[in-house]
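A.B. asks:
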Amino acid sequence: KNLSWSPTEALEKVGQLASALGSAHREGLIHGGICPEQILVESTGTLQLTGLELPDFLHAAPARIHYRSPEQSSPLSNAVDGRTDIYGLGAVLYEVLTGNPPHTIAPESTLSRRIRKGHIVEPSEIRSEIGSTANSICLTALSPKPSTRYEMPIDLARDIERALQGHATQASKSTQSRN
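Quick note: the sequence shown uses this note's numbering, first residue -10, plus one each step.
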């Protein structure tokens, strides 16, 4: 089903997920497999993240490869932590902003390489109505380096809240410093 929402709605919904995920992280839980199939939309429009009980996220099903973080896509890395979930939320945000996952369909080995290198078409290049702030938030969450993503889900949620209120965001500041 098409998950494409307006940029404002996409930010609001992913902000809800980030807040809920922050609670799980505070309890010591890491999801490790966030993708659209793990998100339920309740009749009220509230989103619910499922699958926190899944123990083997390092070997996610091939259908989820488009949402794997670079550290999950590397055969040499076991460095999965909370920032892996930030990447997953970024991939979901990307899809609800653009209507497509952040990585195109390709053989698994090629796709894993693209994910590790961070080859992503910017959301605003796909849909011109996506503003620079939403674009920056999404790309920060999807950074190929965990150290340059949001540290915790609450950081992502707070940045989204700042963006929705029209204030400067951490993502916009970090994007400017990279340029």
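Yeah, the Cβ is synthetic: ideal placement off N, Cα and C, and Gly gets one too.
1) Taking the beta carbon of K134 as the centre, do at least 16 other beta carbons fall within 10 Å, making it buried, or is it exposed?
2) Over the uninterrupted alpha helix (DSSP H) stretch that includes I19, give me the two end residues.
3) Is there contact between the stretch 135 to 151 and the stretch 20 to 39, where contact requires at least three CB pairs shorter than 8 Å?
4) Check whether the stretch 26 to 44 and the stretch 118 to 125 are in contact - that is, three or more C-beta pairs closer than 8 Å.
5) Going by alpha carbons, who is nearest to R116 out of E60, Y83, L145?
6) For Y41, which residues from the same chain have a beta carbon less than 7 Å from its beta carbon, with the 5 sequence-adjacent residues on both sides left out?
7) Quick check on DSSP: helix, strand or coil for L36?
8) Pull up the CB-CB distance for G79 and M141, whole angstroms please, since I reckon it's below 8 Å.
9) Are there 16 or more other CB atoms within 10 angstroms of the CB of Q165, so buried, or fewer, so exposed?
10) Do you know how far the Cα of E111 is from the Cα of L128?
C.D. replies: By the coordinates alone:
1) The C-beta of K134 has fewer than 16 other C-beta atoms within 10 Å across all chains shown, which makes the residue exposed.
2) Boundaries cannot be given for I19, as no alpha helix (DSSP H) includes it and DSSP labels it neither H nor E.
3) Contact between the stretch 135 to 151 and the stretch 20 to 39 is absent, because fewer than three Cβ pairs lie under 8 Å.
4) Too few Cβ pairs lie closer than 8 Å, so no.
5) Nearest C-alpha to R116: Y83.
6) Correcting the residue type first, residue 41 is Leu in the shown sequence and not Tyr. Around L41: A13, L18, H20.
7) DSSP places L36 in strand when its eight states are reduced to three.
8) For a cut-off of 8 Å, the C-beta gap from G79 to M141 is around 14 Å, too long to register as a contact.
9) With a pLDDT of 49 at Q165, under the threshold of 50, the predicted position of this residue should be treated as unreliable, and no value is reported.
10) So the two alpha carbons sit approximately 7 Å from each other.
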